[in-house]
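Report on one structure; see the data block that follows.
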């Protein structure tokens, strides 16, 4: 089975796009990150306003604004806090194309149902329904149980949260000099056309992943793969002078070369 | 038989992705896994023999989930036969860990006793020693627990394995991944929090309703409400445990792929 939920979207140009849904784990982590940042910002707002009001309260404010000045101070403080809380998600999701600092950190993004970036209206709707989703964690259940992982805010605003595609870039593969030399020989005594593209995918996989493998596993896997290749291309014995790793590298190189 | 979707990306799964995958696995087999967990809890009432079955059934959920991950799904029946045949070994794993824990605790107690009797008079030294010792103990305990996170998984999946080997396999696989496992556990408990809050909410409502229906605070009312709250927590635990098990299976799958190249195999030409 696939590890991630996928969703196919039709754009207005009737192009079909496939996205990987963000997943409950990333969304929970992103939310916690955002709340930490938001909590910190609220703390700063309160501190700054306390300092300002302490300065103003030196009778000066009362002289100018009259005796209700104290209420004003508290009122403005609450207003600033509410603006920070409500504005945080709307601001970032609108101007960062569906990302907040937490979402950016966890590489997810809000997009509209037709694959386009979300605008102010959708961001505002999502933010407006956020308290509802957080009431008894309703949103969590909605994300867990709905097919497209939508909380109420997503349903209302017509948005989905997907993994950010930019993270997938094809990594570089380093191949040893020895393999480049052996590659020339290999073509002469082995018929590599018996290998299917799928096999090369696996060999490439191995070459990319080998640095993370434990030494013991690496030796075992490379030998296994080399023996399997050997069987497929009817090689009688594996070349004795090179390691299984180098052998696989040169098979990979041979596949990359143009065959015409 | 391979998961090309995953094989296609060389990027290791993040902790969040592991949790999402665990949730997804559970969601797609909600009823089966929930019933297995219920059955496991029922066996827990039978001492020793039942406990072995409880552990075996919990691990069966991980085994089934792992089967889904490597695209070799197994029927519950055959999986159950497999884990039941190893049930005593599962119990032994926990017995060994329990004994090791007792041994370590006694050793620490002896060290503490010696230190305290040597520095009997110097209170500041004792205070500083205690604080450092407690902090070091908590950190070490968590680190060791993280390394033992996969303790039953090898026994549920791999061939030629003994309880001791299963423990050392967990130690080996989790090497260098404690931070990630810690994040997985934190994230999954975050997701479980709503459910736990819901449970305590239901429990308190039940209590209020029962007491108001019976019109008094008599012992029978208290007995009924505590019986019901035990029942509710059993059901909820049976609902939660499969999620923890499927997440464990994803961690095991991820570590085996990353550290041991699981799935790196060419097609079988003999067949």
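Protein chains in written order, with my numbering: chain W, 1 to 260; chain X, 1001 to 1271. The beta-carbon is built from N, C-alpha and C at its ideal position, and this holds for glycine as well.
Residue 1249 of chain X at chain W interface by Cβ criterion, 8 Å: Numbered from its first residue, the second chain carries residue 1249 of chain X at position 249. Judged by the 8 Å Cβ criterion, residue 1249 of chain X is not in contact with chain W.
Residue 1260 of chain X CB to nearest chain W CB: under 8 Å? For this step, residue 1260 of chain X is matched to residue 260 along the second chain. Yes, residue 1260 of chain X lies at the interface with chain W (some Cβ there is under 8 Å from its Cβ).
How should residue 191 of chain W be labelled, buried or exposed, when 16 other C-beta atoms within 10 angstroms of its C-beta is the threshold for buried? Counting from 1 along the first chain, the entry for residue 191 of chain W is found at position 191. That one is exposed.
With a threshold of 7 Å (Cβ to nearest heavy atom), would residue 1203 of chain X be considered close to the ligand NAD? With respect to the ligand NAD, the structure offers nothing, as it holds no ligand at all.
Please classify residue 1242 of chain X as buried or exposed, where buried requires at least 16 neighbouring CB atoms within 10 angstroms. Locating residue 1242 of chain X in the second chain gives position 242, counting from the first residue. With 16 or more Cβ atoms within 10 Å of its Cβ, residue 1242 of chain X is classed as buried.
Using a C-beta to C-beta distance shorter than 7 Å, which residues of chain X count as neighbours of residue 140 of chain W? Along the first chain, read from residue 1 onward, the residue named residue 140 of chain W stands at position 140. Ordered by position in chain X, the residues that pass the 7 Å Cβ test against residue 140 of chain W are 1191 and 1194.
Taking only the alpha-carbon atoms, compute the straight-line gap between residue 1147 of chain X and residue 1248 of chain X and give it to the nearest angstrom. The count along the second chain starts at 1 and reaches residue 1147 of chain X at position 147. The count along the second chain starts at 1 and reaches residue 1248 of chain X at position 248. Going by the C-alpha atoms only, they are around 13 Å apart.
Apart from the five residues just before and just after residue 1143 of chain X, which ones in its own chain have a Cβ nearer than 8 Å to its Cβ? Taking the second chain and counting its residues from 1, the one referred to as residue 1143 of chain X is at position 143. So the list reads 1178, once near-sequence residues are dropped.
To which residues of the same chain is residue 1278 of chain X closer than 6 Å at the C-beta, ignoring the five residues directly before and after it? Nothing can be reported for residue 1278 of chain X: it is not among the residues displayed for chain X, which extend from 1001 to 1271.
Which whole runs of the beta strand (DSSP E) in the stretch 78 to 121 of chain W are 3 residues long or more, in chain order? Those beta strand (DSSP E) runs which fall completely within the stretch 78 to 121 of chain W and span 3+ residues are 108 to 112.
Just to confirm before moving on: does the CB-CB distance between residue 115 of chain W and residue 17 of chain W stay below 8 Å? Locating residue 115 of chain W in the first chain gives position 115, where the first residue counts as 1. Locating residue 17 of chain W in the first chain gives position 17, where the first residue counts as 1. The answer is yes: Cβ separation under 8 Å.
C-alpha distance - residue 1262 of chain X paired with residue 48 of chain W, whole-angstrom precision: On the second chain, residue 1262 of chain X is found 262 positions in, with the first residue counted as 1. On the first chain, residue 48 of chain W is found 48 positions in, with the first residue counted as 1. Each residue's Cα considered, the two are about 55 Å apart.
According to the neighbour-count rule (16 or more other Cβ atoms, all chains shown, within 10 Å of its Cβ), is residue 215 of chain W buried or exposed? On the first chain, position 215 is the one that residue 215 of chain W refers to. The residue in question, residue 215 of chain W, is exposed, as its Cβ has fewer than 16 Cβ neighbours within 10 Å.
Beta-carbon gap between residue 226 of chain W and residue 1260 of chain X smaller than 8 Å: Position 226 of the first chain, counted from the start, is the residue given in the question as residue 226 of chain W. Position 260 of the second chain, counted from the start, is the residue given in the question as residue 1260 of chain X. Result no, Cβ atoms of residue 226 of chain W and residue 1260 of chain X do not sit closer than 8 Å.
Below 9 Å on C-beta distance, what does residue 1147 of chain X contact in chain W? Residue 1147 of chain X sits at position 147 when you count from the first residue of the second chain. Within 9 Å Cβ-Cβ: nothing; residue 1147 of chain X doesn't reach chain W, min ~15 Å.
Best match in W/22, W/134 and W/84 for proximity to residue 107 of chain W [C-alpha to C-alpha]: Here residue 107 of chain W refers to the residue found at position 107 when the first chain is read from its first residue. Checked all of W/22, W/134 and W/84; the closest Cα to residue 107 of chain W is W/22.
The stretch 120 to 138 of chain W in contact with the stretch 150 to 161 of chain W per 3-pair CB rule at 8 Å: yes
Leaving out the 5 sequence neighbours to the left and right, which residues in its chain are closer than 7 Å to residue 95 of chain W when beta-carbon positions are compared? If you number the first chain from 1, residue 95 of chain W lands on position 95. For residue 95 of chain W, where only same-chain residues beyond five positions count, there are no Cβ hits under 7 Å.
Within the chosen definition, does the stretch 63 to 83 of chain W reach the stretch 40 to 54 of chain W through at least 3 CB pairs nearer than 8 Å? yes
Residue 247 of chain W at chain X interface by Cβ criterion, 8 Å: As a working note, residue 247 of chain W is residue 247 in the first chain. Chain X contact via Cβ: absent.
Would residue 156 of chain W and residue 129 of chain W qualify as a contact pair, given that the criterion is a beta-carbon distance under 8 Å? As a first step, residue 156 of chain W is located in the first chain; it is residue number 156 there, counting from the start. As a first step, residue 129 of chain W is located in the first chain; it is residue number 129 there, counting from the start. Contact flag set, yes.
Based on Cα-Cα distance, which residue from X/1030, X/1251, X/1105 and X/1054 lies nearest to residue 1175 of chain X? Sequence index remark: in the second chain, residue 1175 of chain X carries index 175 (1-based). Comparing Cα-Cα distances from residue 1175 of chain X to each of X/1030, X/1251, X/1105 and X/1054, the minimum goes to X/1251.
Could you pull the DSSP bridge partners for residue 245 of chain W from this structure? For this step, residue 245 of chain W is matched to residue 245 along the first chain. Per DSSP, none; premise fails for residue 245 of chain W.
So which residues of chain X does residue 214 of chain W contact, with C-beta pairs closer than 7 Å? Taking the first residue of the first chain as 1, we reach residue 214 of chain W at position 214. Under the 7 Å cutoff, chain X gives 1259 and 1260.
Rounded to the nearest angstrom, what separates residue 221 of chain W and residue 1264 of chain X at their Cα positions? Start at 1 with the first residue of the first chain, and residue 221 of chain W comes out as number 221. Start at 1 with the first residue of the second chain, and residue 1264 of chain X comes out as number 264. Those two C-alpha atoms are separated by around 7 Å.
Beta-bridge pairing of residue 1243 of chain X - partner residues as DSSP gives them: On the second chain, position 243 is the one that residue 1243 of chain X refers to. Residue 1243 of chain X is not bridged to any residue.
What span of residues does the alpha helix (DSSP H) with residue 1180 of chain X cover, start to end? Against the second chain, residue 1180 of chain X aligns to sequence position 180. First-last of the alpha helix (DSSP H) with residue 1180 of chain X: 1178 to 1214.
When the distance is taken between beta carbons, is residue 1246 of chain X closer than 8 Å to residue 1025 of chain X? Here residue 1025 of chain X refers to the residue found at position 25 when the second chain is read from its first residue. Here residue 1246 of chain X refers to the residue found at position 246 when the second chain is read from its first residue. A contact, by the Cβ cut-off of 8 Å.
Kindly identify the DSSP beta-bridge partner or partners of residue 10 of chain W. In the first chain, counting from the first residue as 1, residue 10 of chain W sits at position 10. W/16, per the DSSP bridge assignment.
Terminal residues of the alpha helix (DSSP H) in which residue 1093 of chain X lies: Position 93 of the second chain, counted from the start, is the residue given in the question as residue 1093 of chain X. Where residue 1093 of chain X is concerned, the enclosing alpha helix (DSSP H) stretches over 1087 to 1118.
8 Å Cβ shell around residue 1237 of chain X - same chain, five flanking residues per side excluded: What you label residue 1237 of chain X is simply residue 237 of the second chain in a count that begins at 1. 1037 and 1041.
Would residue 1077 of chain X be called buried (16 or more neighbouring beta carbons within 10 Å of its own) or exposed? By one-based count along the second chain, residue 1077 of chain X stands at place 77. The residue is exposed, with fewer than 16 neighbouring Cβ atoms inside 10 Å.
Local conformation of residue 203 of chain W per DSSP, three classes: To locate residue 203 of chain W, count along the first chain from 1; it is residue 203. DSSP, reduced to helix, strand and coil, places residue 203 of chain W within a helical segment of the structure shown.
Of the residues W/138, W/34 and W/40, the one placed nearest residue 99 of chain W, counting alpha carbons only: In the first chain, the residue the question calls residue 99 of chain W occupies position 99. Residue 99 of chain W has its Cα closest to that of W/34, out of W/138, W/34 and W/40.
Short check: CB of residue 1255 of chain X to CB of residue 1015 of chain X, under 8 Å? Position 255 of the second chain, counted from the start, is the residue given in the question as residue 1255 of chain X. Position 15 of the second chain, counted from the start, is the residue given in the question as residue 1015 of chain X. For residue 1255 of chain X and residue 1015 of chain X, no; Cβs fall outside 8 Å.
Under 7 Å from the C-beta of residue 226 of chain W: neighbouring residues of chain X: Looking up residue 226 of chain W in the first chain gives position 226. Going along chain X, no residue has its Cβ under 7 Å from residue 226 of chain W, so there is no contact; the nearest lies around 10 Å.
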